[in-house]
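Contents: one structure, followed by commentary.
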Amino acid sequence: MSRYIIRRLIQAVPLLFFISIVLFLLMQASGDPLATLGGRQPPRAEDRERLKRQMGLDQPPLVQYFIWLVGNDWMVVNDETGETGARRGVIRGDFGTSFVTRQPVIEVIWERMPNTLILMGTAEVVIIIVSLTIGVISAVRQYSLLDTVATGFSFVAYSIPVFLMGLMLMYIFAVRFRQWGLPYLPISGMFDPTVGRTFDQIARHLVLPVMTISLISIATYSRYIRSTMLEVINSDYIRTARAKGLSERRTLFVHAFKNASLPIVTLIGLDLPFLLAGAVVTETIFAWPGMGRLFIDHLTRSDYPVLMGLLMMISVAVVIFQLLTDVVYTWLDPRIRYT
Amino acid sequence: MNRKYAFVLLAALALMVGLAAPAAAQGKTLTVSWPQEPDSLNPMYTTMTFAGYTYQLFLAATWEFDENYELVPILVGEIPSAGNGGISEDGTTFTLKLKDGLTWSDGDPLDSADFVFTYEMYMSDKNTPLTRTPWEEFESIEAPDPTTVVIKFAEPYAPWSGQLSLRPIPEHILRPVFEADGTLDNAAWNSNPTVGSGAFILQEWDRGNFARFAPNPNFAMGAPKIETLVVTFIPDDQAYVASLEAGDSELGTFIDPRDVPRLQDAGLDVRLIPSGYNEGWFLNASPERAHPAMTDLRVRKAIALGFDRFSMVEDLLGGVLPVGHSYWEQTPYANPDLPPVPYDPEQAKALLDEAGWVDTNGNGIRDKDGVELELRFISTTRQIRQDMKALAQQQLGEIGIGISIENYESNVFFNGYAEGGPAATGQYDIATWSSSPGGFPDPDTNRFQCDQVPSDDNPVGGNWNYYCDPALDELFAKSRVTTDFDERVAIYHQIDKLIYDSYIWINTWYDADIWVVGSRVQNARLNGTTPFFDVVNWDVAG
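Pasting the structure below:
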């Protein structure tokens, strides 16, 4: 097993190299970071030419990639003074500096990571608990009223686009409730700046974005769980377990559920790395200061260093979580062996 | 449902209601919201509108503009003029006399050395400021004594009132950083400027979330009345409007005109504030790059006459923003004798006939010498522009001009000549965007002049119309060395008339900024470039 894991990790290295080259070249096509500089007017061309030179954007893309990867602290960047560059490159842990905020990329990402984990972690917990509950009950009580309602809800929730869901929830619970004099939820942000980052504040600001993210996922997850549970509880070994006189609870939760959870683990395993990526639309609507919004803000400014940092981090997370998912399989189903 | 489930459901509901209890009311707090977050709070490192608005809160200028664009002295005792010796007779030397006893928020003296230091930082090749305007135009800057700054130019400097509204950065904080790091690019102060000179001091900037400010008792104009000023960032348009409507945000701008009725219904004060911007059609007159018909004045005039901008602003902008005529709309520099170009499709057709463009093959599009009158109309992907282009396609189609529509992401659209930007390289016949004289309220621009036509030798040229009229060049050159306001206005009236008559730029709407002011906010005088010029006197009710 450990040999398997080590082999998989070694295999990931060339894969990540390949991903980084493809992403870096794609970035070149995403636009020029000096085109607008975020202003309403395009910058003066004289300033663009100077900035291009100062920021090293006048180099060919492959040279820029090389510097991004291994740094330029061993290269002479100014022939007159013999000065060398200051960048150490990604393989020595330097992801460069944001073109937009001039902060180190690692710092930019670290600032947002906890916020996104709070939002996405809460949402994922809600999704798993609620969809498991709905999915299992719908399967066990197939065609009951609850099953019918859950099925109906799933189709409705699944067909609503996430931005509409977010705006609707905001309009009802934040704008209208306030106008009607009811207890209302905040519209945007992570906490009230005049109160501070308290548990109470964050919890209150979490409600609407978490609802937005989870409602749609609950709809899909609960359908998956329902169908895999249905398949399992109609199988021979469950009938045998019942025939042996095991309690219904033990039959369902120990024998049926463990086997039904394999496809769900795959689903969650694929989802988890994207917890780090954040939810672009939801974070934008609710002004949640997370990674999704960071990505969009910096994408519109073609801020390659930050985008590369984010995308590489997600790529690494995908590799790791897929490996973890495979490991969890062996625990859930002892028939699966890796050598 | 059994009892256990009912209990869980009740508990969940109780939790939600508990969390939803409204927050306690605060004292004199004003919440301002922007749809974009500043990239940097150091003026050297940002050209973003909202960064500009935000740093005005904590960085004072020599002078600001009031709501009528009159100058209000802040750091200087009085506005320089020929009368008080502030402007030399030849218009090349400007002497700024600072008020006595100015200090930074931490008590350190704010003096002329800070101005010289700021100049050094902008001009040092070790720093990467986004623009060096106006600093690079100085021939010299000197600090003969702590309250005197003397700036010399090689030629008379007409745009002084806009360009010399300078905001110095604190030398006592930033000089040591520059000496230690060799650059200011990564200075902590850029993101966390807790020492400033404005009405407020930054307490905290939580990126992605908010920036919170407290009063600066050392401000040159006294301490502000508002006790806490919070700036929040809400990127989604609909959420932004909802936040203003609900009263969570009490000041905001960049509102879509179509949201104006909804905000007015909510009892909010909606204001049109000029910021120098006008949406306009740039018509490409290049013989090499544009459609051959575009060099013909009659064709360009027909394009202007053939599009009904008046009903467009009603339909697409809810009638909130009017059609204008000038590149300098609603400023003294706009020629008052010129009306907006009317909608007259019959005259447009006659002009096209006269120019020899007629539909000989019956395909609905005019042609001449085997060339179809099919024009490329480009813009960014902004929805309102796409709608406008669709309308233009239909209306110009009715007078026999074919329009093919192209959309570009704004960071591609505004690419320069060297990067192959579609507008800069003249790969269009009609292009629409919102533009402003760069140094608004100063009227000077790098558009419409022969020496600004971009080329391989001059990739930085700003004349993306590729139109050349030496008479215009002469007037622009004259305006740049005319320091007398009235004389300069008269020159601009002539410039405005020449541009108007050449049909190279058609004002589609006067693109004022739409500001929304909450009902609690008092004394909020605003302008479009320095909205916080008088924030020291703002107040909030109850």
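Protein chains in written order, with my numbering: chain R, 1 to 339; chain W, 1001 to 1542.
Cβ coordinates follow ideal geometry from the N, Cα and C atoms, glycine included.
Burial of asparagine 1415 of chain W is indicated by the presence of at least 16 other C-beta atoms within 10 angstroms of its C-beta. In the DSSP annotation of this structure, the continuous segment of the alpha helix (DSSP H) that includes tyrosine 1055 of chain W starts and ends at 1049-1058.
When C-beta distances to chain W are compared with 9 Å, the residues of the segment 178-190 of chain R below that value are Arg178, Gln179, Leu182, Pro183, Tyr184, Leu185, Pro186, Ile187, Ser188, Gly189, Met190, in chain order. DSSP places arginine 1366 of chain W in the coil class of the three-state scheme, outside both helix and strand.
Shown here for methionine 27 of chain R: same chain residues with a beta carbon closer than 8 Å to its own, the five before and five after excluded, namely Ser302, Tyr304, Leu307, Met308 in chain order. As summarised for the segment 1176-1220 of chain W, the continuous beta strand (DSSP E) elements at least 3 residues long and confined to that stretch are 1200-1206, 1210-1215, given in chain order.
Going by C-alpha positions, leucine 1316 of chain W is about 28 Å away from tyrosine 1333 of chain W. Taking a Cβ-Cβ cut-off of 8 Å, the neighbours of proline 1235 of chain W in chain R comprise Thr284, Ala287, Arg293, Ile296, Asp297, given in sequence order.
DSSP, reduced to helix, strand and coil, places glycine 309 of chain R within a helical segment of the structure shown. With contact defined as three or more Cβ pairs closer than 8 Å, the segment 1481-1488 of chain W and the segment 68-75 of chain R are not in contact. Interface criterion met: the Cβ of proline 1459 of chain W is under 8 Å from a Cβ in chain R. For threonine 1194 of chain W, the CB contacts under 7 Å within the same chain, skipping 5 residues up- and downstream, are Ile1201, Leu1202 in chain order. Between phenylalanine 99 of chain R and proline 42 of chain R, the CB-CB gap reaches or exceeds 8 Å. Relative to valine 1313 of chain W, the option among W/Pro1287, W/Asn1335, W/Tyr1327, W/Gly1280 whose CA is nearest is W/Gly1280. Residues Ile285 of the same chain have their beta carbon placed closer than 8 Å to that of leucine 167 of chain R, with the five preceding and five following residues left out of the count. From the listed residues W/Ala1423, W/Val1535, W/Ser1434, the smallest Cα separation to threonine 1508 of chain W is found for W/Ser1434. By the neighbour-count criterion, in which 16 or more other beta carbons inside 10 Å mark a residue as buried, proline 14 of chain R falls on the exposed side.
Within chain R, no C-beta atom comes nearer than 9 Å to that of serine 1379 of chain W; the closest sits roughly 14 Å away. When DSSP assignments are scanned along the segment 76-157 of chain R, the uninterrupted stretches of beta strand (DSSP E) that are 3 or more residues long and fall wholly within it turn out to be 76-78.
For lysine 1301 of chain W, the enclosing alpha helix (DSSP H) begins and ends at 1297-1305. Going by DSSP, proline 263 of chain R is part of the alpha helix (DSSP H) stretching over 257-277. Ranked by Cα distance from glutamate 1398 of chain W, the options W/Ile1430, W/Phe1413, W/Asn1458, W/Asp1359 are led by W/Asp1359. Ranked by Cα distance from glycine 1091 of chain W, the first of W/Ala1082, W/Asn1523, W/Met1294 is W/Ala1082.
At a cut-off of 8 Å between beta carbons, glutamine 41 of chain R contacts chain W. Lysine 52 of chain R and aspartate 58 of chain R have their alpha carbons spaced roughly 6 Å apart. Counting only residues of its own chain and dropping the five nearest sequence neighbours on each side, arginine 178 of chain R has a CB closer than 7 Å to the CB of Tyr184. Listed in chain order, the positions of the segment 48-62 of chain R with a beta carbon within less than 9 Å of a beta carbon of chain W are Arg48, Glu49, Arg50, Leu51, Lys52, Gln54, Met55. Taken in chain order, the unbroken stretches of alpha helix (DSSP H) that lie wholly in the segment 1091-1159 of chain W and span 4 residues or more are 1112-1123.
Asparagine 1527 of chain W is classed as buried because its beta carbon has at least 16 other beta carbons within 10 Å across all chains shown. Taking every protein chain shown into account, the CB of alanine 1541 of chain W has fewer than 16 other CB atoms within 10 angstroms, so this residue is exposed. Among the bridge pairs identified by DSSP, alanine 1223 of chain W is matched with none.
Look at phenylalanine 1233 of chain W here: in three-state DSSP terms it is strand. One Cα belongs to valine 232 of chain R, the other to alanine 157 of chain R, and the distance between them is close to 26 Å.
Going by DSSP, leucine 1030 of chain W is part of the beta strand (DSSP E) stretching over 1029-1034. Approximately 15 Å separates the beta-carbon atoms of phenylalanine 1050 of chain W and phenylalanine 1213 of chain W; this is outside 8 Å, ruling out the contact. Using a C-beta cut-off of 8 Å, the segment 1038-1045 of chain W makes no contact with the segment 1238-1258 of chain W, since fewer than three inter-stretch Cβ pairs fall below that distance.
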